[in-house]
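Enquirer: Take this structure, written in structure tokens, and hold onto it; I'll ask about it next.
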Amino acid sequence: MSDWKKRDLLTLESLDKDEINHILRTAESFKEISTRSIKKVPALRGKTIASLFFEASTRTRTSFELAAKRLSADVVSIHSSSSSVLKGESLIDTARNIEAMRVDGIIIRHSSAGAPRLLSAKVSVPVINAGDGAHEHPTQGLLDIFTIKQKKKKIEGLKVSIVGDILHSRVARSNIWGLSKLGAKVCVCGPATLLPPCIEKFPVRVVTNLKEALAGADVVIALRIQLERQKERFFPTLREYSREYGIDKENIKLAKRDVLIMHPGPVNRGIELSQDVIDGPRSVILEQVTNGVAVRMAVLYLLLQKEETNESIS
Amino acid sequence: MSLNDNKIIMDKEQIKRALFRISHEVLEKNKGTKNLAIIGIRNKGAYLAARMADYIKEIDSKAVPVGILDITLYRDDLTTIAWQPVVRKTEIDFDITGKNIILVDDVLFTGRTIRCALDALIDFGRPKNIQLAILIDRGHRELPIRADYVGKNVPTSLNETVDVSLIGADAVDKVSVRKVGKQ
Chain D
1 MSDWKKRDLL TLESLDKDEI NHILRTAESF KEISTRSIKK VPALRGKTIA SLFFEASTRT
61 RTSFELAAKR LSADVVSIHS SSSSVLKGES LIDTARNIEA MRVDGIIIRH SSAGAPRLLS
121 AKVSVPVINA GDGAHEHPTQ GLLDIFTIKQ KKKKIEGLKV SIVGDILHSR VARSNIWGLS
181 KLGAKVCVCG PATLLPPCIE KFPVRVVTNL KEALAGADVV IALRIQLERQ KERFFPTLRE
241 YSREYGIDKE NIKLAKRDVL IMHPGPVNRG IELSQDVIDG PRSVILEQVT NGVAVRMAVL
301 YLLLQKEETN ESIS
Chain U
1001 MSLNDNKIIM DKEQIKRALF RISHEVLEKN KGTKNLAIIG IRNKGAYLAA RMADYIKEID
1061 SKAVPVGILD ITLYRDDLTT IAWQPVVRKT EIDFDITGKN IILVDDVLFT GRTIRCALDA
1121 LIDFGRPKNI QLAILIDRGH RELPIRADYV GKNVPTSLNE TVDVSLIGAD AVDKVSVRKV
1181 GKQ
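First to last, the protein sequences are chains D and U.
Note that the working numbering numbers the first sequence so that position 270 is 270, with each residue one more than the last.
Numbers given in the working numbering equal positions in the second sequence, counted from 1, plus 1000.
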């Protein structure tokens, strides 16, 4: 029997430990499919998924599309730059029109926090959040946790440090919720200007000194400096940021010998991580990308497969 | 329904003899272990496949590759059943192309599981042939599928269910039939 009851995947904050573990277990079974010569199973045959991306993305959009296609679902992609959004159609109207064409699920990325939740209240099909503003990016959080679990065989008790632009990072928020629910000790580190005002309400330890964050860490997640959001000048220069918060082969020695270096991508090479660390033996950045497909297959399967039974109950 | 409705049709010794005989038949028909591979269908078929591989090794002193197939994603009733089956891993770490595959399951009933398994297997490659080994054939086929090796033919009615318990998954080795109400 399944432990899965939710219609949507909007945040990791709203999931409990068992639900997160259920997704991770399911993802483990899906990982093997992408290693076959025929990378396709018929589980979602006949289902249609709309992916609405109101923000630029390579990894997440490709990963979701591959995941859907490997489950035999059909995907339609709508990009804000080439849709009626440009003519002023609202998010809700766009989504309702797409729903009227009988899609079975909607994947959405939006620059406003809460857009997926608003959407889920207005449509009857499952909604999957592919990143909303600085709020959450649940599938990224899940794939990070999946990658850590594959490497370390557990999450509980691990010391995980998230370094960089916490203020603008939805990846950080999803990871904080997901990891702390599974019992990891999460530490966030960045310049005070890049820490959100209410960070103490999150279940984390907050430090502003990189050395403290790295000391004894099992996992280090470096976040991208979002150059497009730096108009307000959160730090004097990139060079200064890199000197204070850049992770390189010297300061990483403070962490455990078997530390995992992670990054949600895209990486600014030489700013948050040095070249040799990105391509070094402790980096699992590309494995994160590989695992992303398996995790998204699991999410799509869990949400879309049960859709008809939901309808029969309601 | 009381526990008395539970009729044991095979015990530990009978299961062992049936599997041992099937292993002999497999070797006879395929003229040894060359090109042979055994793939069990989750859940119980996987245990039977492992046992058959042991017997074949005992008889012919050669190891044959063993795999496990999870057919959940290939089920034709995924959208009609009320619960969502848990997907588990398929573990086939050898190339099945050109092999003589012995597909193993515990009970052959409607044939739909085997239909899924054939679809799933063919996504992995092109075996030379696929043969079906079954511990219990209970009849009531809904698809044109038959077994090449059968442990025991058990005529059943549709309001009965066949339970296969195997050490590894359960406490004991036994096969029993019980009534599950009207259908």
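Ideal Cβ placement from N, Cα and C applies to all residues, glycine included.
For the alpha helix (DSSP H) containing D/D18, list its first residue and its last residue.
Expert: Start and end: 17-31.
Enquirer: Would you mind stating whether D/I92 and D/I162 have Cβ atoms separated by less than 9 Å?
Expert: In this structure, D/I162 does not lie closer than 9 Å to D/I92 by Cβ.
Enquirer: Can the beta-carbon of D/A115 be found less than 9 Å from the beta-carbon of D/D132?
Expert: Cβ distance < 9 Å, so D/A115 and D/D132 count as in contact.
Enquirer: Short of 6 Å in beta carbon distance, which residues of its chain neighbour D/L227, apart from the five on each side in sequence? Order them along the chain.
Expert: Correct list: empty, nothing qualifies.
Enquirer: Does the Cβ of D/P191 have 16 or more other Cβ atoms within 10 Å, making it buried, or fewer, making it exposed?
Expert: Its Cβ being crowded by 16 or more others within 10 Å, D/P191 is buried.
Enquirer: By Cβ distance, which residues of its chain are closer than 8 Å to D/K181, with the 5 residues on each side in sequence left out?
Expert: Only L12, L15, D16, K17, I20 meet the Cβ criterion.
Enquirer: In the DSSP assignment, the beta strand (DSSP E) including D/D74 goes from what residue to what residue?
Expert: That run of the beta strand (DSSP E) goes 74-79.
Enquirer: For U/S1002, decide whether its Cβ has a neighbour in chain D, counting only Cβ atoms nearer than 9 Å.
Expert: Unreliable positioning characterises U/S1002 in this predicted model, as indicated by a pLDDT of 49, which lies under 50. A coordinate reading is not provided.
Enquirer: Decide if D/S51 is buried, meaning its Cβ has at least 16 other Cβ atoms within 10 Å, or exposed.
Expert: Buried is the call here.
Enquirer: U/V1087 and D/S29 look like a contact to me (Cβ under 8 Å); what is the Cβ gap, rounded to whole Å?
Expert: 4 Å between Cβ atoms; contact.
Enquirer: DSSP puts U/A1133 in a beta bridge; with which residues?
Expert: U/V1104, U/Y1149, per the DSSP bridge assignment.
Enquirer: Cα separation between U/Q1084 and D/Q288?
Expert: Going by the C-alpha atoms only, they are around 27 Å apart.
Enquirer: Quick check on DSSP: helix, strand or coil for U/H1024?
Expert: Note: U/H1024 maps to helix in three-state DSSP.
Enquirer: Answer with buried or exposed for D/T147, where buried requires no fewer than 16 other C-beta atoms within 10 angstroms of its C-beta.
Expert: It is buried - the Cβ of D/T147 has at least 16 other Cβ atoms within 10 Å.
Enquirer: Could you tell me which uninterrupted alpha helix (DSSP H) segments, each at least 4 residues in length, are contained entirely in the stretch 169-245 of chain D, listed from first to last along the chain?
Expert: Counting only runs of 4 or more, we get 170-181, 210-214, 238-245.
Enquirer: Strictly under 9 Å for the Cβ-Cβ distance: is D/Q305 near chain U by that measure?
Expert: Answer yes: the Cβ-Cβ gap between D/Q305 and chain U drops below 9 Å somewhere.
Enquirer: Relative to the C-alpha of D/L286, which candidate in D/D165, D/D248, D/G265 has its C-alpha closest?
Expert: Measuring from the Cα of D/L286, the nearest candidate turns out to be D/G265.
Enquirer: List the residues of chain D whose Cβ lies closer than 8 Å to the Cβ of U/K1099, in chain order.
Expert: None at all; the shortest Cβ gap to chain D is about 15 Å.
Enquirer: Using the three-state DSSP reduction, which class does D/A115 fall into: helix, strand or coil?
Expert: In the structure shown, D/A115 sits in a helix (DSSP, three-state: H, G or I).
Enquirer: What alpha helix (DSSP H) runs, 4 residues minimum, are completely inside the stretch 1033-1105 of chain U?
Expert: Complete alpha helix (DSSP H) runs here, min 4: 1044-1060.
Enquirer: Who are the near neighbours of D/K31 in its chain, counting only those whose CB is closer than 6 Å to its CB and skipping five residues on each side?
Expert: Counting only Cβ-Cβ distances below 6 Å, and skipping sequence neighbours, we find A294.
Enquirer: So, at 7 Å on beta carbons, what are the nonlocal neighbours of D/I155 in its own chain, with the 5 sequence-adjacent residues on each side left out?
Expert: If we look at D/I155 and ignore the five residues flanking it on each side, its Cβ neighbours are I145, I148, K149, L179, L182, G183, A184.
Enquirer: Would you mind sorting D/I313 into buried or exposed? The rule is 16 or more other CB atoms within 10 Å of its CB.
Expert: For D/I313, the predicted model reports a pLDDT of 35, less than 50, meaning its position is unreliable; a value from the coordinates is still stated below. Exposed.
Enquirer: Under three-state DSSP, which class holds D/I166?
Expert: Three-state result, D/I166: coil.
Enquirer: Among D/L195, D/K6, D/L214, which residue has its Cα nearest to the Cα of D/R257?
Expert: The candidate whose alpha carbon is nearest that of D/R257 is D/L214.
Enquirer: Please determine, among D/S57, D/Q230, D/H22, D/V277, the residue with the shortest C-alpha to C-alpha distance to D/I252.
Expert: Considering only alpha carbons, the answer is D/V277.
Enquirer: Which residues, taken in chain order from the stretch 1045-1066 of chain U, show a beta carbon closer than 8 Å to some beta carbon of chain D?
Expert: For the stretch 1045-1066 of chain U, which is checked against every Cβ of chain D, not one residue is closer than 8 Å.
Enquirer: Can you pull the chain D residues whose beta carbon is under 8 Å from the beta carbon of U/K1128, in chain order?
Expert: Within 8 Å Cβ-Cβ: nothing; U/K1128 doesn't reach chain D, min ~17 Å.
Enquirer: Drop a sphere of 10 angstroms on the beta-carbon of U/A1053, count the other beta-carbons inside from all chains shown, and report buried for 16 or more, exposed for fewer.
Expert: Result: buried.
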